[in-house]
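As given, the protein sequences belong to chains A and B, one line each in that order.
Each residue of the first sequence is one higher than the one before, starting from 183 at the first, in this note's numbering.
Each residue of the second sequence is one higher than the one before, starting from 36 at the first, in this note's numbering.
Ideal Cβ positions, reconstructed from N, Cα and C, are used throughout, including at glycine.
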Amino acid sequence: MGMLDQAFDAVIIGAGHNGMALGAYLAKSGWSVAILERRTEEGGGLCTEEVTEPNYLHNLHANYHSLFGICPVYDDLELLNNGVEYIHPAVQMGSIFADGSAMTIHTDMAKTAASFARFSQKDADTWMRLWDEVSGYLDLMVRTLMYAPPIALKDLTRALASWGVEDKSEFLTARLRSMSVVEFLDKHFENDRIKAMLAFHAAICGYQPHVRGLAVSYPVLLGKIANWHVCKGGSHRLAHALMRVVVKAGGRVFPQVPVTKIVVENGRAVGVMTPDGFVKANRLVASSVDVHQTFQTLLDQEVVPAQTLKDVAEVKYQEASLFNVHLAMNGLPRYKAAAFDPDIDRAWILNIGFERLADFEEEFSLVRAGKLPKVPRINAAVNSIYDPTDAPAGKATGLLRIFAPFALEDGGAEGWNKAARAYGQACVDRWLAEMVEEDQRQLVRRFATETPLEISQKIINYRFGDWMVGQIHPKNLLEQRPTKELAEYRTPIQGLYLCGASQHPHGYITFAPGYNALGIIAEDLGLDKWWEQV
Amino acid sequence: MSQTEHDVIIIGGGHHGLTAAAYLARAGVDVCILEGRHEWGGALYTAEVTAPGFCHNIHANFMEFLHVMPFFQDFDLPSLGARTIYPEIQAGIAFKDGRPPVLIYRNDMIEETAKSFAVYSKHDAETWRDLKTKANQLELIVSAALYTPPLKWNQGETPPSPLLPAHNLFSLFGLDEEMAFKSVRDCIDECFESDEVRALLYRVAIEFAAPSLEWPGSGYFFLFACLVMPGCWRMMVGGTHRLNGAMVTACIKSGATMRESSRVRRILMEGGRAAGVELVDGKRLMARKAVVSAIGLKDTFLKLLGEEHLSPYARRRTKNFKDGPDQVLGSVAMALHEPPKYKSAKWDPGIDRAWYQVVGYDSAKDVLDYCRAGHCDRIPELPAAAVWINSLWDATQAPAGKHNLTGWYFFPRASALTEAEWEEVRETYNEKFLTLYGEFAPNMTRDNVIADYLHTPLDQHRGMRMREGDFGHGAMSLDQMMGLRPFAGASHYGTEVPGLYLAGSCTHPGGGVTAACGYNAVKVLCEDLGLPQSVWQNPARFY
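Here's what the structure looks like:
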């Protein structure tokens with residue numbers, strides 16, 4: 183029998199972590215499941231490749247796993263027993279400033295406060311107060327805001343008001359919903375660098391610090407600031423583990439089988455077309471790809487209500503993509519700033535270049551104008567500090583990222599093909615300038631660049647290079663993501679569900695869109711839940 | 036990793052290791068397979084090394100044995116995602132002046148090949164018709180030879196002689212048995228008279244990790260590489276790595292525990308037995324019944340086990356096991372706007388649709404000189420190659436309307452050049468190739484190339500742990516074949532170390548995607564572990 187000439191209970195489009203998690207739960211429920219992936223590898227953003235040299239493992243997309251220990255999927259699917267190993271870096275992130283000083287955020291929050299206190303004792307105290315507050319209800323918050331279908335913001339506000347928590351908590355204040363991260367930080371903190379460090383953390387989570395309304399997510403962000411994990415051996419290993427769970431439960435993952443069409447009969451999704459022919463779906467089709475592909479490419483336009491198409495056409499993507507520089511290095515970096523704070527040499531993620539909140543505004547307005555800063559502002563990650571297996575013995579890998587426009591002022595998106603090498607070199611030079619002198623010449627063996635255009639070509643869900651698969655903006659979050667009609671993971675097509683990062687809450691390795699779609703599917707189809715839905 | 040003890044631990048998740056894991060797990064054995072890299076499948080390796088969406092098979096590309104491979108049949112790998120394409124025109128050579136190409140068609144299209152050979156020589160056409168017909172008839176015998184362990188040899192007995200089966204094979208082809216003593220080149224020259232046909236066959240002969248074309252005593256390789264294999268070549272839909280995907284799925288389904296990114300640092304000995312392994316991160320995994328190494332011979336015995344555990348004989352034979360034919364692979368990859376259009380296509384458009392296209396050689400001597408360069412530790416002056424453009428058959432391997440070219444140069448072994456010299460090759464050789472290419476196919480200009488990539492033997496050595504870049508995992512000359520592979524005392528997959536088995540390409544039948552080393556090791560393991568033969572037996576097959 184051929185691989186696809188049988189019917190499956192569920193056909194899932196896209197073998198990213200959301201599609202595979204949904205497939206795994208359904209397969210473990212006794213359903214027959216086929217997960218079809220257009221790329222050569224399963225995993226979507228869980229993509230690890232040796233792009234510089236053999237044995238140097240580079241995470242091309244997902245690198246930070248910040249929901250391990252919080253997200254219920256890890257336990258439900260027993261991912262740790264299926265070969266995933268996580269490392270929790272003791273020094274999570276840091277900043278190196280132009281004057282040679284440095285700041286570090288540790289898993290040990292007392293050490294974080296001590297680092298902050300070198301810049302402002304008052305801010306260090308504020309930090310600890312906020313941290314303690316958020317620690318008290320983070321679980322509740324994450325579970326209601328992430329691992330459940332979206333709640334309308336106004337309902338949330340109303341609930342908070344009626345509970346009377348408004349004046350008891352700095353975080354549960356309704357005012358947050360109209361504030362930007364920058365305003366929140368300005369309100370609470372006094373020191374520019376501490377503010378820059380915290381805004382950097384928000385920015386690399388996809389939250390542009392100046393966008394009004396995003397402060398509402400800040401408690402969740404802050405609560406996870408010390409929960410960033412390295413997936414040992416590369417992020418792709420999580421994809422391997424997911425595949426093992428799916429296959430053990432009787433499901434199948436088929437890479438390199440692109441879905442060309444979702445077949446709808448009498449208003450119901452009955453299967454998909456592939457280059458190998460029709461694949462029948464007895465119960466449902468779930469799409470984990472972006473809504474533009476789902477509704478504009480894969481569905482016949484006649485079967486979709488006009489209003490749905492209109493709303494989908496208006497879904498927006500992040501203004502800032504990323505320009506990535508992957509480094510093969512002769513050893514671990516040793517920064518000059520270690521003279522100020524020796525812990526900086528152990529910081530996994532690094533901010534080099536954002537010194538004050540205004541820098542973010544400048545950075546993102548450059549992005550909007552299609553420009554690149556002359557001196558790159560870098561967010562760096564050196565996984566090898568904590569996972570030496572990602573490079574040959576004694577060597578190291580590194581990742582430099584820049585917030586970058588998809589289309590350059592000069593030459594549009596294709597302009598990247600010309601600009602990449604030189605800008606990559608500029609990033610490497612900026613990075614090396616922070617090293618102790620004897621390392622500056624010989625630290626970097628080789629580098630490979632990855633432009634926003636290439637990101638969008640490799641993983642076509644990342645339209646315009648948007649790894650969040652949809653703008654992080656109040657208009658495209660919660661019950662409005664991706665549109666009001668589609669926010670509940672259902673579609674106007676019966677039997678067609680949405681389970682990818684286009685949905686609430688957003689991209690990143692959260693598993694939440696897949697998990698939330700699962701809850702809806704279980705409800706709609708009367709599935710006996712063997713797991714405890716949070 | 037919760038479980039720390041298993042019945043069997045397999046080192047190496049290339050296709051031989053996966054084969055052994057799948058069969059043993061299906062038999063109810065508690066198997067754990069460990070892979071050092073982050074990805075499974077070893078040389079079943081496909082990556083987007085040029086540009087997004089362009090899939091390149093940097094290592095294995097031709098699948099010659101799928102139709103006879105037990106693993107493929109017994110686990111119904113097509114249903115698990117291993118789909119194949121069987122291109123009609125298997126191989127072809129184009130010429131600079133645009134004279135007619137020479138083409139080799141599939142096994143079931145002998146007449147078409149003969150017709151192409153006849154353009155240059157009626158004699159060669161007739162020879163092909165005769166020898167290829169016989170090769171097809173001998174398929175079962177060849178398969179049985181691949182998928183059967185060599186006889187066990189005991190110290191003190193006369194060493195097994197691979198020459199005897201080689202003699203027999205020549206006589207089955209109706210050729211003089213003494214040709215087994217000759218070189219591949221001599222055999223080709225003796226059977227075929229046309230320079231164009233010889234050029235194609237010389238190049239075809241080296242693709243399968245052949246010994247040097249001019250080493251005497253390699254005649255058997257002529258039968259194998261020139262007569263049996265071209266015509267069997269199948270392509271994996273989606274790239275070679277999809278065969279790995281199906282094999283991995285078979286292993287998981289069968290219940291094997293699989294751990295990638297788990298490089299073994301050493302094999303643990305207890306009471307004179309191989310009792311487990313220690314990983315580079317210090318974790319220990321114990322094996323109740325066996326440790327099976329599906330990686331290279333020297334890595335297994337000298338690095339992981341330690342020579343102190345070997346007898347002087349095994350130590351001597353291991354150290355003197357020969358790596359590489361001294362002409363090893365450098366892989367070239369190019370993302371193209373359009374596929375090459377050869378001048379020679381005006382005589383026979385088939386060359387543009389040949390799966391494997393030999394380009395850059397204008398005579399048989401060009402191919403010889405090219406190979407000699409590798410043997411003299413030199414980069415060939417003539418930047419020629421053989422390439423395939425899989426997207427011509429399989430649109431999923433490149434973005435819509437675009438094409439993925441991948442090909443093989445033959446270079447000297449990895450240690451012949453310094454790292455800096457290899458860098459220089461990486462930076463310059465594709466450009467030289469492209470310039471030469473344009474003389475054979477005028478549309479192959481820089482403008483047609485979206486991005487390109489070169490994988491050196493040093494990369495193969497480091498990445499795939501193919502010593503010196505030797506994709507055969509040990510020279511496949513007659514002195515290291517069959518009962519002598521890797522050496523007489525270890526050719527039966529069991530070793531002199533109790534509990535330690537070999538299942539990699541350093542054992543019979545050697546390199547290539549056969550899944551035979553793993554399968555044969557399973558046969559021996561079944562015997563030693565008291566498992567029934569039904570673990571591997573299939574009534575539809577006698578091997």
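Three-state class that DSSP yields for Met36 (chain B) in the structure shown: The pLDDT assigned to Met36 (chain B) is 48, lower than 50, so where the model puts this residue is not dependable; a value taken from the coordinates is nonetheless given after this. If DSSP states are grouped into helix, strand and coil, Met36 (chain B) belongs with coil.
Contact residues within the region 636-652 of chain A, judged by C-beta distance below 7 Å to chain B: Going along the region 636-652 of chain A in chain order, one finds Glu636, Gln639 and Lys640 with a Cβ nearer than 7 Å to chain B.
Status (buried if at least 16 other CB within 10 Å, exposed otherwise) for Leu199 (chain B): Counting Cβ neighbours within 10 Å, Leu199 (chain B) comes out exposed, since fewer than 16 surround it.
Short Cβ contact (9 Å threshold) for Cys286 (chain B) with Gln438 (chain A): Contact: no.
Nonlocal neighbours in the same chain, by C-beta distance under 6 Å from Gly415 (chain A), ignoring five residues either side: Beyond the five residues adjoining it in sequence on each side, Gly415 (chain A) comes within less than 6 Å, by CB distance, of Thr571 in the same chain, given in chain order.
Beta-carbon proximity of Pro360 (chain B) to Pro246 (chain B), cut-off 9 Å: Yes; because the gap between Cβ atoms is below 9 Å, this pair is in contact.
Closer than 8 Å: Ala602 (chain A) CB and nearest the ligand GDP heavy atom: Of the ligands one can find in the structure shown there are none, so the ligand GDP has no counterpart to examine.
DSSP-derived helix/strand/coil call for Met183 (chain A): Residue placement at Met183 (chain A) cannot be trusted, given a pLDDT of 46 that sits under 50; what the coordinates show is reported in the next sentence. Of the three classes helix, strand and coil, the one that applies to Met183 (chain A) here is coil, per DSSP.
Amino acids of chain A, ordered along the chain, whose beta-carbon sits closer than 7 Å to that of Thr431 (chain B): Neighbours of Thr431 (chain B) across chain A, judged by C-beta separation under 7 Å: Gln438, Pro440 and Pro457.
Inter-residue Cα distance where the pair is Asp230 (chain B) and Gly254 (chain B): The straight-line gap from Cα to Cα measures roughly 19 Å.
Residue interval of the beta strand (DSSP E) (run including Ala433 (chain B)): If you look at Ala433 (chain B), you'll find it isn't in any beta strand (DSSP E); DSSP assigns it neither H nor E.
His199 (chain A) at chain B interface by Cβ criterion, 9 Å: No, no contact with chain B.
Where Lys376 (chain B) falls: helix, strand or coil (DSSP): The three-state secondary structure of Lys376 (chain B), taken from DSSP, is coil.
Alpha-carbon spacing of Asn245 (chain A) relative to Tyr121 (chain B), whole angstroms: The C-alpha of Asn245 (chain A) lies about 40 Å from the C-alpha of Tyr121 (chain B).
Residue(s) in a DSSP beta bridge with Lys462 (chain A): Its beta-bridge partners are A:Gly453.
Extent of the continuous beta strand (DSSP E) run through Leu204 (chain B): In the DSSP annotation of this structure, Leu204 (chain B) is not part of any beta strand (DSSP E); the continuous alpha helix (DSSP H) holding it starts and ends at Leu198 to Leu207.
Continuous beta strand (DSSP E) assignments of at least 3 residues falling wholly in the region 269-348 of chain A: Qualifying beta strand (DSSP E) stretches, in chain order: 273-278 and 284-288.
Option in A:Ala280, A:Ala189, A:His247 and A:Gly225 with minimal Cα separation from Glu616 (chain A): When only C-alpha atoms are compared, the closest one is A:Ala280.
Beta-carbon spacing of Arg520 (chain B), Gly509 (chain B) below 9 Å: When the beta-carbon positions are compared, Arg520 (chain B) and Gly509 (chain B) come within less than 9 Å of each other.
9 Å Cβ cutoff, Lys600 (chain A) in contact with chain B: Using beta-carbon distances, Lys600 (chain A) does not count as an interface residue toward chain B, since no partner is under 9 Å.
Expected contact under 8 Å - CB spacing of His199 (chain A) and Leu424 (chain A) to nearest Å: Right, their Cβ atoms sit about 6 Å apart.
Neighbouring residues, chain B, relative to Thr230 (chain A) (Cβ below 7 Å): Near Thr230 (chain A) (Cβ distances below 7 Å), the residues of chain B are His73.
Proximal chain D residues relative to Arg419 (chain A), where beta-carbon distance stays under 7 Å: Checking the listed chains, one finds no chain D in this structure; the protein chains it contains are A and B.
Local conformation of Met214 (chain B) per DSSP, three classes: Helix.
Members of the region 83-95 of chain B that neighbour chain A once the beta carbon cut-off is set at 9 Å: Here the close residues are Glu83, Val84, Ala86, Pro87, Gly88 and Cys90.
Top-ranked residue by Cα proximity to Arg628 (chain A), from A:Val507, A:Ile407, A:Gly226 and A:Ser211: Answer by Cα proximity: A:Val507.
Minimum C-alpha distance to Leu101 (chain B) - residue among B:Gly77, B:Glu74, B:Leu181 and B:Asp132: If we check each option's Cα against that of Leu101 (chain B), B:Leu181 comes out closest.
Sequence-distant residues of its chain with Cβ nearer than 6 Å to Val494 (chain A) (five each side left out): These residues qualify, in order along the chain: Val473 and Phe477.
Counted within 10 angstroms of its Cβ, other Cβ atoms place Met183 (chain A) as buried (16 or more) or exposed: Note that Met183 (chain A) scores a pLDDT of 46, beneath 50, so its modelled location is shaky; the value from the coordinates is reported in the next line. Under this definition Met183 (chain A) is an exposed residue.
Short CB-CB distance (under 9 Å) between Asp109 (chain B) and chain A: For Asp109 (chain B), the nearest beta carbon of chain A is not closer than 9 Å to its own beta carbon.
Limits of the unbroken alpha helix (DSSP H) element including Arg612 (chain A): Element bounds for Arg612 (chain A): Gly597 to Leu614.
DSSP-derived helix/strand/coil call for Leu112 (chain B): If DSSP states are grouped into helix, strand and coil, Leu112 (chain B) belongs with the helices.
Gln390 (chain A), buried or exposed, once every other Cβ within 10 Å from all chains shown has been counted against 16: Burial state of Gln390 (chain A) is buried, judged by a 10 Å Cβ sphere holding 16 or more other Cβ atoms.
Where Ala319 (chain B) meets chain A, residues with beta-carbon distance less than 7 Å: It should be pointed out that residue 319 (chain B) corresponds to Arg in this sequence rather than to Ala. Within 7 Å Cβ-Cβ: nothing; Arg319 (chain B) doesn't reach chain A, min ~16 Å.
Exposure of His372 (chain B), with buried meaning 16 or more beta-carbon neighbours within 10 Å: His372 (chain B) is exposed by the Cβ-count criterion.
Neighbour flag for Gly415 (chain A) against chain B, beta carbons, 9 Å: Chain B, which has a Cβ nearer than 9 Å to the Cβ of Gly415 (chain A), makes this yes.
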